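Visitor:
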Amino acid sequence: MLIYIIVIYLLVTFILTIAGIDSKSEGIKIFIISLLLTPIVGLILLIRQRKKATTIHYYYCKECDYVFPVKMRHCPICYENDKKVKLVKYQSPHKTEKLIQQLNLT
C-alpha cells in the first residue's frame, strides 16, 4: 500500500515538473519543492509563477524589415548606413489575423 502512495506522489511531482517546464516556469525549482514538501505546494508555486510570466515586445524597422527583441530608438543596421529610422512596436501577423476574424462587418 505504501508503495502505491509513493508512486502516485512521484508521478504527481513529475507531472507538475512537466507542466512547469511547458509554462516557462522554473521546472527544476517546482520539482524540488514538490518532492521535498508536497505536490500541493508545487502546484501553488506553479500557479503563482504562471502569472509572473512577462511578454517580450519586439520592435520593427520599416526600412530594412528587421525585427529586434530589444527596445531601441533607431535601427542599428540602418544607422550604420547613415539613416536614422525610428523603430515601431512590432504587431504579430497572427494577432492581427485573430482580430480580423473577430470583426463583425454586418
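The letter at position 74 of the sequence shown is residue 150 when you use this note's numbering, and the numbering goes up by one with no holes.
Just so it is clear, CB atoms sit at the ideal spot from N, CA and C, and this is done for glycine as well.
Quick caveat: nothing in here was measured; it's all calculated off a predicted structure.
Could you name the residues of the same chain whose beta carbon sits closer than 7 Å to that of Leu-119, not counting the 5 residues immediately before and after it, in chain order?
Guide: Counted from its first residue, the sequence shown places residue 119 at position 43. Cβ neighbours of Leu-119 beyond the five flanking positions: Leu-92.
Visitor: Kindly indicate which three-state DSSP category Tyr-136 falls into: helix, strand or coil?
Guide: Here residue 136 is taken as the residue at index 60 of the sequence shown, counted from 1. In this structure, Tyr-136 counts as strand in the three-state DSSP scheme.
Visitor: Alpha carbon to alpha carbon, how far is Ile-153 from Ile-97?
Guide: Position 77 of the sequence shown, counting from 1, holds the residue named residue 153. Position 21 of the sequence shown, counting from 1, holds the residue named residue 97. Straight-line Cα distance between these residues: approximately 35 Å.
Visitor: If you count every other CB in all the chains shown that lies within 10 Å of the CB of Pro-145, and 16 or more means buried, which is it?
Guide: Within the sequence shown, residue 145 is the residue found at index 69, counting from 1. Classification of Pro-145: exposed, given that the 10 Å Cβ count is below 16.
Visitor: I'd like to confirm the pairing. Which residues does DSSP put opposite Val-164 in its beta bridges?
Guide: What you label residue 164 is simply residue 88 of the sequence shown in a count that begins at 1. Paired residue(s): Tyr-136.
Visitor: Is the CB of Lys-105 under 8 Å away from at least one CB in chain B?
Guide: Looking at the structure shown, chain B is missing, and only one protein chain is on hand.
Visitor: Return the chain-ordered list of same chain residues with a C-beta closer than 8 Å to the C-beta of Thr-89, the five sequence neighbours on each side being excluded.
Guide: Translated into positions along the sequence shown, residue 89 becomes position 13. Hits under 8 Å: Phe-107, Ser-110, Leu-111, Pro-115, Gly-118.
Visitor: Rounded C-beta distance between Val-161 and Glu-139? I'm assuming under 8 Å.
Guide: The sequence position of residue 161 within the sequence shown is 85, counting from 1. The sequence position of residue 139 within the sequence shown is 63, counting from 1. Contact holds; Cβ gap of about 4 Å.
Visitor: Indicate the three-state DSSP secondary structure (helix, strand or coil) for Val-146 in the structure shown.
Guide: As a first step, residue 146 must be located in the sequence shown, where it is residue number 70. Reduced to three states, the DSSP call for Val-146 is coil.
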